[in-house]
Each structure stands twice: as structure tokens, then as C-alpha cells.
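Trainee: Just dropping this structure here.
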Amino acid sequence: MTTTCPDYLVVLLCGTAGASGSSLGSDEKEVTLLLWKVVDLAGRKVGELHEIVIRPEEPEGAEESSEEGSEEDRLTCVPQLEQALQQFNQSVSNELNIGVGTSFSLCTDGQLHIRQVLHPEASKKNILLPECFYSFFDLRKEFKKCCPGSPDVSELDVKAMVNYLNLEEHSSVDQFGASEVEDMGYIILKLISESYNHRFSDPERVNYKFETGTCSKTEIVDDNTVIRARGLPWQSSDQDIARFFKGLNIAKGGAALCLNAQGRRNGEALVRFVSEEHRELALQRHKHHMGTRYIEVYKATGEDFLKVAGGTSNEAAQFLSKENQVIIRMRGLPFTVTPEEVVAFFGQQCPVTMGKDGILFVTYPNSRPTGDAFVLFACEEYAQNALKKHKALLGKRYIELFRSTAAEVQQVLNRFSSVPLVSLPTPPPIISTLPQPFLPPVSVRDCIRLRGLPYAAAIDDILEFLGEFSTDIRNQGVHLVLNHQGRPSGDAFIEMKSPERAFLAAQKCHKRTMKDRYIEVFQCSAEEMNFVLMGGTLNRNGLSPPPCLSPSSYALSAQPVIMPSETTGLYQPSMLLNPRTLQPTTAYYPGGTQLFMNYTAYYPRRVRGFQRCFRGGGVEKVAPGGGVEKVAPLRCCRLFTLFEARVYCSNVRFFIASVLACTPAWLLVAWTT
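The sequence shown begins at 112 in my numbering and counts up by one.
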């Protein structure tokens, strides 16, 4: 297990109850057979063939009762994987009579036997593999080093190596895998002979454990080393990801859990491996299981990884500089909490690393606390004890605790450090859930809608699809529509230079194909585009308005807002005299390439009250009759702007008038009967 040439090589072959060859290990089937032979490199001789049959934990047909008792007895005597590995280790030690200075290494045909079969199964069954399984020689790579003129490593197998060396095949052996092990032994003897004089000195390594670390946004990450894992349990950590990919070497700090817009995990992770070879092996674990959930594995890019794991915060870099620490995230902290109170919260059973220096509070750019913090613990035992305090009280608030990662620390700090303290000078556009009189009168049909696009379609595909009409698109006039999960919905809106060109494009491009799919094309206006984004339908029969636009029975008359005299002193005269103007039409269509469908559209209902939400995490609930109560945010609520609240809630004018004193960073959330 050193970089020097070992005294012996143990040729090892694993058999499973499933696929073999290049698909070995891709189906998660259990190991059922171990075959091996010892090759004495100094004496240049091959030992005897050894075999261990392994009993799987869940053999096929186990539920069916056996008619013969002898068959049951024979199956009971067959060892399971853990006992089989112990027998293997003991047998090799006895045969080699290992003493001081004697060394051996495993040798396999390719990477799959060790990386894709033994390590993943041992990890799932919580089996501690002997040290010899953490380094091995890949005979294909060693053969390529010795014979540069041979086929590429991906095309090599035992038969190809035998033919290249003009050796005799041992195909007469009937036992499964035995002929392959025999041939591998003679290939090794040929390589170490005087004609080739090859030395086995640089074995493959398997990482013992995942190493945490930080990643800079300026770091160069190879696109061919990154994957995206989807479908992870929300409570999974970077260690769980490393366990899922056990046997493959993840780069230092290369497991990054993705967060959604609310700062919570979305079930995805980006993983960076040490090489393209390990990334390709990781892709073979597509739909393998983590517990009872199957995990999807896809290719990703270095840019994707840096967006999630990259950081520029010196504070985070200093906090994470003490490596191989377990990170716990705290959520829901009182805004006045001190480091000493956090240290006391965990107590002596789970001491915080470096005391108060092992705590990182998350704050806004103005140093106002967010209620989140990250805490370091020296070992897994301390971290497990800390997690037992999940939802324990600190002061009068219960605290949520989660395992975290270095990448999550970077993401959270990046998100909160970029939150603006005040609204932008131009207020956000009012979403089109207002009654009909408030909609901007835009009826020029100079747009087209594309429906049924492939989810992988890009702007270049759309330009190619439109052909001659692509020259009639306005600058930044292609808008891909995303669903509520931020994924392509199959729709796109195109702004054309004139209604005439939009009409011709809709006529000539309708039901053309793009990547074997026919695409529907409709002419529309900016107003109709807005209706569709809010949940309406548009086809060749016309437009059906979205449900968020009230029927005539729900029409509301614009009534002046009556402000009590005791609240008028809160505002400048200009705020009381000048009504807020509607945004111009262009505010509905920013110069971007993506639009989002509104999945919260609904018919208006009687409003009972509002919540006033602070970006710092605090929430006040205000009923129409007055009274303020601190509450947690409601789960199924409808976001409103101040202007919409005026329109919908003339019955709670006093409340609206009093809430206008809020800072622009606050939001209103209505809850209904």
C-alpha cells in the first residue's frame, strides 16, 4: 500500500446477481461471488484459485418456502458480505505469511469491482472494509502504460490484452470468472517479464472520507468533473452525499447542497469529482437509492458549481478555515442573542469548537441579524448531541437545527449580503390581478406565442425555427417562460417589429417541427401575453382571461381611501396629495429572456386581514379592527402590493392607511375566509 512496488498482487474479481462487464454495479445488485489469485512478483509465479460464495441479505425468492430442508441448511452456511470479506483477508494473510516489510495490493480488471461494487455495498450495509480495499491497481491502465500502442483503456478488456500479448486463453475453465482470473495472472507475469519489465508502483486510491473546504468564485472548475444530484432528502448533508458516491473521489469541498429562494434546501446538490473518469462513474449511479429514495444524477458545469459553492466573503473563509469540522445551522434565533448564550445553549455535552469564535452569525449589510447562525463542532459525536437539541428553547423561542455544509454557508452569506436595504428607485410593477379598468390599454398584436417547445430548447433553437422571421425580432425580444419551479414550461413569447410580421410568422411557422416536436404559433398582443402569464389561455379560437381577473359580479368600484386624522401626521403632504401612478406598459416586460407563469391566480375573496412581513424574519398580523400580534408567516398566502391592497380592501381602509407608514422593504400578505 505504498508507492513502491508491492511484493504480491492479489488478482480479484467480484460477481453480482445482476449485470456484468461494463455495466457491473449499475443495477445495485448485491455481491454474490469473490474470486482471487495471488501473484508473486518477485518469484514470478501464480498461486491457486480461491472462491467465496456470498449470501445476499435479500435473495430472490426468499419469501417462497423451500421444500427441501437440506437446501435451507446449505444457504444458511453461506457467509454474508461482512463475513466473506473477513475470510478473504484472513486467507490472503495466511497464504502470503505476511510479516514485517511484506506488502501486497489488489489488482482488478478496471475500476468497477472496487469503486462501483464493493465500496457502495459496504457503505450501505455499514461494513468497514479492510485497508487493502482503499488502494488497488487497474490492470487496464497498467497495461496501457506498459504497451502504449495498445487500444484505448475504455476499449481494453482481458481478452483484448491476451490477444495483444499473444497469450493462450484459458476459456476451458467452466467456473464463472475463473478463466478471467487465470488470464489476468498470466498477463501480469508477462508484463513484469524482461521483455516488458513493467513495475506496479502507482496504485489507484480511494478516499477514506470526504474533506470539507471552501471554493472561491475565481477558481477554475472543469465542466467534465461536475454532476447534479436531484431528489435528495431535505435533511441530507454533504456527508450523506459522499456516502452515496462512496468509492468515487470527491474533490475537497466538492459537495454543495442547493438552496431555494427562501434559503431552504431544494433536494438538489452539485458534486465536483477529482477527474472526468470519476464523474462518468458517478453518472452510472443514476437512480440508485439513498435510503428509500432514488437519486437522479445528471451532468452539470463548472459554472453551475461555482454559482452554488463559490464565495467571496472573507468572514466565511475565516470561519471555514478550520477544516474537517462538522457544521450545524441554527435558525430562528432571537435577534438579541449573544455568542455566550449560544455556547451555553449547547452545553458541555457538545462543546462548540473554539467557543464563541466557532459561531458565525448571519446578518444583513447593515449588520442587522437575520436569526440564522452557523456553529462548528469538532467531531461527529458532538454534532449528533447538538442535533438532539432541535426545537429546544433559547429564551422564549424554539431553535431549529440542521446539518450544514461549507457551500451552504457561502450561499446563505452571499444571499443576505446582496439583499438591498431599501427598494429600488423604480417600484416593482403591479401584477395584473387588478380589475379590468386598471389594465394598461395595449392591444397592438405585434407578438407571437410559441407553445409546445422542447424543454431543452434555447434561444438559438427558436431563431432557427423562425427562419426568415428571426430578423424581425425586436432587441431582447425573446422571452422563455418558466414554471413555478424555475424550469422551462414549453412556452415562449416573441416581440416582433410589426403586427404584419407577427401575423405572417404565426401563419407560416404554425405546426413546424423543432427536434421532432411540432410547435404551435399564435399571434398576440402584449396585453394577451400578460393574460397568459397570469393563467389565461390563448389559442386560435381567441383569448380566455385568467381567473384572477374578476367576473362582472366581482367588480369593485374605485373608492377614495379615507385616512383618519390621527394618522395623517405620519406622511409628507406630497404623499397625501399625489396618487401613485401606474407603471408604464414596459414594466410588465423587462428586457430579459425569462418570464414566470403565475400559479397563485384565483378569484378574489373577502379579505380578513393582512400580515406585515419584515425581511429580518419578524411578522406582525393586523386585523381590520386593529390590534397587532407577532406571528409566524402563514403558509398559503397571497402576496399583494400596497396598491392592490387599496383596490381589494376598501372595507379595511383604516388598516391600509396605517400600513402605508411601512418602509418600502415590507410586504403585505392577505389571508382570506
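Using N, Cα and C, we set each Cβ at its ideal position, and we do this for glycine too.
Treat the numbers as computed from the prediction; the structure is a model and nothing was measured.
Between LEU196 and PRO241, how many whole angstroms is the CB-CB distance? I'm expecting something under 8 angstroms.
Mentor: Counting from 1 along the sequence shown, the entry for residue 196 is found at position 85. Counting from 1 along the sequence shown, the entry for residue 241 is found at position 130. Their Cβ separation, rounded to whole angstroms, is 7 angstroms, which keeps LEU196 and PRO241 in contact under 8 angstroms.
Trainee: What do you get for LEU431, buried or exposed, if any count of 16 or more other CB atoms within 10 angstroms of its CB means buried?
Mentor: For this step, residue 431 is matched to residue 320 along the sequence shown. LEU431 comes out buried.
Trainee: Drop a sphere of 10 angstroms on the beta-carbon of LEU504, count the other beta-carbons inside from all chains shown, and report buried for 16 or more, exposed for fewer.
Mentor: As a first step, residue 504 must be located in the sequence shown, where it is residue number 393. That one is exposed.
Trainee: Got a sec? Which residues, its chain only, sit under 7 angstroms from GLY374 by beta carbon, not counting five neighbours each side?
Mentor: As a working mapping, residue 374 is identified with position 263 in the sequence shown. Excluding sequence neighbours, GLY374 sits near VAL523, ARG526.
Trainee: Can you give me the C-alpha to C-alpha distance between SER204 and CYS243, rounded to a whole angstrom?
Mentor: Translated into positions along the sequence shown, residue 204 becomes position 93. Translated into positions along the sequence shown, residue 243 becomes position 132. About 11 angstroms.
Trainee: For the putative contact between PHE356 and ARG396, defined by C-beta atoms under 8 angstroms, what is the C-beta separation to the nearest angstrom?
Mentor: The residue given as residue 356 occupies position 245 in the sequence shown. The residue given as residue 396 occupies position 285 in the sequence shown. PHE356 to ARG396, Cβ: 7 angstroms. Contact.
Trainee: Which whole-angstrom value describes the C-beta separation of ASN360 and VAL385, a residue pair presumed to lie in contact below a C-beta threshold of 8 angstroms?
Mentor: Residue mapping note: residue 360 aligns to position 249 of the sequence shown, counting from 1. Residue mapping note: residue 385 aligns to position 274 of the sequence shown, counting from 1. 4 angstroms between Cβ atoms; contact.
Trainee: Would you list the one or two residues that DSSP bridges to CYS326?
Mentor: Along the sequence shown, read from residue 1 onward, the residue named residue 326 stands at position 215. Partner(s): GLY421.
Trainee: Using the Cβ count rule (16 or more neighbours within 10 Å means buried), how would you classify PHE721?
Mentor: Residue numbering aside, residue 721 sits at position 610 when the sequence shown is read from its first letter. Its pLDDT being 43, under 50, PHE721 is placed unreliably by the model, and the measurement read from it follows with that caveat. PHE721 should be labelled buried.
Trainee: Just the C-alpha distance for TYR509 and LYS328, rounded to the nearest angstrom, thanks.
Mentor: Here residue 509 refers to the residue found at position 398 when the sequence shown is read from its first residue. Here residue 328 refers to the residue found at position 217 when the sequence shown is read from its first residue. Answer to the nearest angstrom: the Cα atoms are 35 angstroms apart.
Trainee: From this set, LEU217, MET465, ARG440, ALA497, which residue's C-alpha is nearest ASP483's C-alpha?
Mentor: As a working mapping, residue 483 is identified with position 372 in the sequence shown. The shortest Cα separation from ASP483 among LEU217, MET465, ARG440, ALA497 belongs to ARG440.
Trainee: If you draw a straight line from the C-alpha of THR447 to the C-alpha of LYS467, how long is it?
Mentor: Taking the sequence shown and counting its residues from 1, the one referred to as residue 447 is at position 336. Taking the sequence shown and counting its residues from 1, the one referred to as residue 467 is at position 356. If you take the alpha carbons of THR447 and LYS467, they lie about 15 angstroms apart.
Trainee: Among GLY288, ARG376, ALA367, which residue has its Cα nearest to the Cα of THR323?
Mentor: For the purposes of this step, residue 323 is identified with residue 212 of the sequence shown, where counting begins at 1. Among GLY288, ARG376, ALA367, the Cα nearest to that of THR323 belongs to ALA367.
Trainee: Could you work out which residue in THR412, PHE485, SER261 is closest to GLU426 when comparing CA atoms only?
Mentor: As a position in the sequence shown, residue 426 is number 315, starting the count at 1. Closest option to GLU426, Cα to Cα, is PHE485.
Trainee: Pick out whichever of LYS363, SER554, VAL292, HIS389 has its Cα sitting closest to the Cα of ASN335.
Mentor: Mapped onto the sequence shown, residue 335 falls at position 224. Closest option to ASN335, Cα to Cα, is HIS389.
Trainee: Let me know the beta strand (DSSP E) ranges lying completely inside the segment 567 to 645, each 3 residues or longer, listed in chain order.
Mentor: For the segment 567 to 645, whole beta strand (DSSP E) runs of length 3 or above, ordered along the chain, are 584 to 593, 599 to 607, 623 to 625, 628 to 635.
Trainee: So within the segment 461 to 538, which uninterrupted beta strand (DSSP E) runs reach at least 3 residues, ignoring any that extend past its ends?
Mentor: 470 to 474, 480 to 488, 503 to 505, 508 to 515, all fully within the segment 461 to 538.
Trainee: Quick one, which of ALA428, VAL555, ARG339 has its alpha-carbon nearest GLU407's?
Mentor: For the purposes of this step, residue 407 is taken as the residue at position 296 of the sequence shown. Looking at the Cα atoms, ARG339 is the closest of the given residues.
Trainee: Which runs of the beta strand (DSSP E), 3 residues or longer, sit entirely within the segment 307 to 363?
Mentor: Listed in chain order, they are 337 to 341.
Trainee: I need the straight-line Cα distance from GLN286 to LEU123, nearest angstrom please.
Mentor: Numbered from its first residue, the sequence shown carries residue 286 at position 175. Numbered from its first residue, the sequence shown carries residue 123 at position 12. Cα to Cα, the separation comes out at about 15 angstroms.
Trainee: Helix or strand or just coil, what does DSSP make of LYS301?
Mentor: Locating residue 301 in the sequence shown gives position 190, counting from the first residue. LYS301: helix per DSSP, three-state reduction.
Trainee: Is it buried or exposed, ARG717, if we count other Cβ atoms within 10 angstroms and call 16 or more buried?
Mentor: Against the sequence shown, residue 717 aligns to sequence position 606. Confidence in ARG717 is poor, its pLDDT being 37 and thus under 50, which makes the residue's placement too unreliable to answer from.
Trainee: With a Cβ-Cβ cutoff of 8 angstroms, do VAL157 and LEU144 count as a contact?
Mentor: The count along the sequence shown starts at 1 and reaches residue 157 at position 46. The count along the sequence shown starts at 1 and reaches residue 144 at position 33. No; because the gap between Cβ atoms is not below 8 angstroms, this pair is not in contact.
Trainee: GLU391 to GLU305, Cα distance in whole Å?
Mentor: Working through the sequence shown from its first residue, we reach residue 391 at position 280. Working through the sequence shown from its first residue, we reach residue 305 at position 194. Answer to the nearest angstrom: the Cα atoms are 36 angstroms apart.
Trainee: Buried or exposed: THR127, going by 16 or more other Cβ atoms within 10 Å of its Cβ?
Mentor: Residue 127 sits at position 16 when you count from the first residue of the sequence shown. It is buried - the Cβ of THR127 has at least 16 other Cβ atoms within 10 Å.
Trainee: Nearest CA to the CA of LEU343: which residue from PRO450, VAL273, GLY378?
Mentor: Taking the first residue of the sequence shown as 1, we reach residue 343 at position 232. Of the candidates PRO450, VAL273, GLY378, the one whose C-alpha sits nearest the C-alpha of LEU343 is GLY378.
Trainee: Go through its chain and collect everything with a Cβ distance to HIS224's Cβ below 6 angstroms, but skip five positions before and after it.
Mentor: Here residue 224 refers to the residue found at position 113 when the sequence shown is read from its first residue. Answer for HIS224: CYS125, listed in chain order.
Trainee: Should ARG497 and VAL419 be called a contact, given that it needs their Cβ atoms to be closer than 8 angstroms?
Mentor: Numbered from its first residue, the sequence shown carries residue 497 at position 386. Numbered from its first residue, the sequence shown carries residue 419 at position 308. Sequence check: residue 497 is Ala here, not Arg. Against a cut-off of 8 angstroms, the Cβ pair of VAL419 and ALA497 comes out as no contact.
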